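>
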């Protein structure tokens, strides 16, 4: 499995007390951008922070480019500052006491932090920030700030870049430009990335692979085209109780007890009191996992 | 009125400054610990930090004598191994000043450190900063206004220390007679003019401190 940009399986507890639930995230990315897609409160941010080593999962493992960063069974847990994983949060995260150039250079070694370091200059240019090099963060627009945050994360040449809804508080028009800038830079630097969003449009624009997270579960992973349009994913959960019969060609029928079906309101609301027929297509070939990440078409 | 005796003024400044040498690093470390770490007995530690602030200074002085006096556990140890006798020395005044300045410093610096956005520290860690570098390059610079205000307030509290100093360091002219002690002694002796001089000096220092601290504090939030 080595050679993959990212392979991870994590169990994380979100929230406290009665409100808490367990997030089971299963992530794989060969190269490019993996979008973690799902509604807010699904545990996307926490999953991302666990990848960075900023929160500790209950259990699991993380491999980046074949290097093991976390493995509970082998008691490996590389601390955040040694993981070389870039992190760009949604909130403004620039250091208020540093100007733009100093922010971009912040993660570099002391000698490289001096003014006029060509690497920093090149990044400032790449993100169209050269004219703002001496500006203070509080004088920047939201889009400019996130460009600085991106440049800063890339300056240390991370092996993986994590982006937690970095453009969520930026207006629509500016966001389109930022998407282009981000795509171009990730291509240019060849840095694989995990991008968290709840915006399907953004997910489709940026994602090479999309993992859908819903209330703590990775319910599907695939190409954006297959998963995103209209959010039609339907989830069926229950206990397989008994074999009803064999149909043909190695197909069987089983009865699922206390099944709960979860999906778009537009589809399921109308079905109340009526017979419901869903067509499920299995994605996972692991029979041991009692999950059915599926698609639906009426 | 005789020539002004500047010894109590200089002694007070020296005592408070030396107390700060201990209180600042220790206080900032404690403020960080209380602001950023969750550990068992954290509340108890919090209570102990706060104690000298709420106890009468005479009680603090009593504890210092019991702990660091010639028969105190730590006092005996200091005398045996370092040949140092703290009680009734300028050093005792430094310790007393430190004991009351420390809680002030911790309790003022702690909210400033708590107010540093977690995102800044998370990004700092992802950029490769270890715990120490993170503190000195992210947390402290982001909280510097509040921390400086805490230091200034603690200095004022330390220079004005009276009760604990009297009990632990005594009032020995030319040795431990800091301004607050001198004010009391002069007043008792009916030398009101002399007392008024030190009162004026201490009032001016405190006024300056409060002004500086209020300049530093409010901008903390408008980040």
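Protein chains in written order, with the numbering used here: chain R, 1 to 298; chain P, 1001 to 1223.
For glycine and all other residues, C-beta sits at the position ideal for the given N, C-alpha and C.
These figures come from a predicted structure and were not determined experimentally.
(1) Write down the C-beta distance between residue 1158 of chain P and residue 1023 of chain P rounded to the nearest angstrom, noting that I regard them as a contact closer than 8 Å.
(2) Indicate whether residue 51 of chain R and residue 44 of chain R have their beta-carbon atoms separated by less than 7 Å.
(3) Would you mind sorting residue 1167 of chain P into buried or exposed? The rule is 16 or more other CB atoms within 10 Å of its CB.
(4) Using a Cβ-Cβ cut-off of 7 Å, state whether residue 195 of chain R counts as contacting chain P.
(5) List in chain order: all unbroken alpha helix (DSSP H) runs of 4+ residues lying wholly within the segment 1042-1069 of chain P.
(6) Between the C-alpha atoms of residue 75 of chain R and residue 1121 of chain P, what's the straight-line distance to the nearest angstrom?
(7) Would you say residue 140 of chain R reaches chain P, if we count a Cβ-Cβ gap shorter than 7 Å as a contact?
(8) Let me check understanding here. Comparing Cα to Cα, which of P/1009, P/1017 and P/1010 lies closest to residue 1155 of chain P?
(9) Name the residues in the segment 94-118 of chain R whose C-beta lies less than 8 Å from a C-beta of chain P; which are they?
(10) Can you find the residues in the same chain that come closer than 6 Å, C-beta to C-beta, to residue 1186 of chain P, ignoring five residues on each side of it along the sequence?
(11) Step through the CB atoms of chain P and report whether any lies within less than 7 Å of the CB of residue 146 of chain R.
(12) So with Cβ pairs under 7 Å, would you call residue 1116 of chain P a contact of chain R?
(13) Confirm, please, whether the CB-CB distance from residue 207 of chain R to residue 192 of chain R is below 7 Å.
(14) For the beta strand (DSSP E) containing residue 87 of chain R, list its first residue and its last residue.
(15) Which first and last residues belong to the alpha helix (DSSP H) in which residue 1098 of chain P is found?
(16) Which one of R/152, R/255 and R/203 has the shortest CA to CA distance from residue 105 of chain R?
(17) In whole angstroms, what separates the C-alpha of residue 1147 of chain P from that of residue 1033 of chain P?
(18) I want to verify the contact list: residues of chain P whose CB lies under 9 Å from the CB of residue 85 of chain R, in sequence order.
(19) For residue 91 of chain R, decide whether its Cβ has a neighbour in chain P, counting only Cβ atoms nearer than 7 Å.
(20) For a minimum of 3 consecutive residues, which ranges assigned as the beta strand (DSSP E) are wholly contained in the segment 134-187 of chain R?
(21) For residue 204 of chain R versus residue 197 of chain R, is the C-beta distance shorter than 7 Å?
(22) Residues of the segment 49-79 of chain R with a CB closer than 9 Å to any CB of chain P: list them in chain order, please.
(23) With DSSP as the reference, label residue 22 of chain R as helix, strand or coil.
(24) According to DSSP, residue 8 of chain R sits in a beta bridge with which residue or residues?
(25) Can you list, in chain order, the residues of its chain with a C-beta nearer than 6 Å to that of residue 1104 of chain P? Leave out the 5 residues immediately preceding and following it.
(26) For the alpha helix (DSSP H) holding residue 1158 of chain P, just list the boundary residues, first then last.
(27) For residue 115 of chain R, does the three-state DSSP call read helix, strand or coil?
(28) In this structure, how does DSSP classify residue 205 of chain R when only helix, strand and coil are distinguished?
(29) So what's residue 248 of chain R in DSSP terms, helix, strand or just coil?
(30) Taking the alpha helix (DSSP H) that residue 104 of chain R falls in, what are its first and last residues?
(31) Residue 1082 of chain P lies in the alpha helix (DSSP H); which residues open and close that run?
(32) Would you please state the rounded distance, in angstroms, between the beta carbons of residue 1100 of chain P and residue 1161 of chain P? I believe it to be under 8 Å.
Taking the geometry as given:
(1) 7 Å
(2) no
(3) buried
(4) For residue 195 of chain R, the answer is no, since every Cβ of chain P falls outside 7 Å of its Cβ.
(5) 1042-1054 and 1057-1068, all fully within the segment 1042-1069 of chain P.
(6) 25 Å
(7) The beta carbon of residue 140 of chain R sits no closer than 7 Å to any beta carbon of chain P.
(8) P/1017
(9) 95, 96, 97, 106 and 107
(10) Same-chain partners within the cutoff: 1194 and 1195.
(11) no
(12) Cβ-Cβ to chain R under 7 Å: no for residue 1116 of chain P.
(13) no
(14) 85-88
(15) 1090-1114
(16) R/152
(17) 14 Å
(18) 1126
(19) yes
(20) 160-164
(21) no
(22) 49, 52, 53, 54 and 79
(23) Strand at residue 22 of chain R.
(24) R/27 and R/62
(25) 1153, 1154 and 1157
(26) 1140-1159
(27) DSSP places residue 115 of chain R in coil when its eight states are reduced to three.
(28) Reduced to three states, the DSSP call for residue 205 of chain R is helix.
(29) coil
(30) Going by DSSP, residue 104 of chain R is part of the alpha helix (DSSP H) stretching over 100-104.
(31) 1073-1082
(32) Contact between residue 1100 of chain P and residue 1161 of chain P holds: CB atoms are separated by about 5 Å, below the 8 Å threshold.
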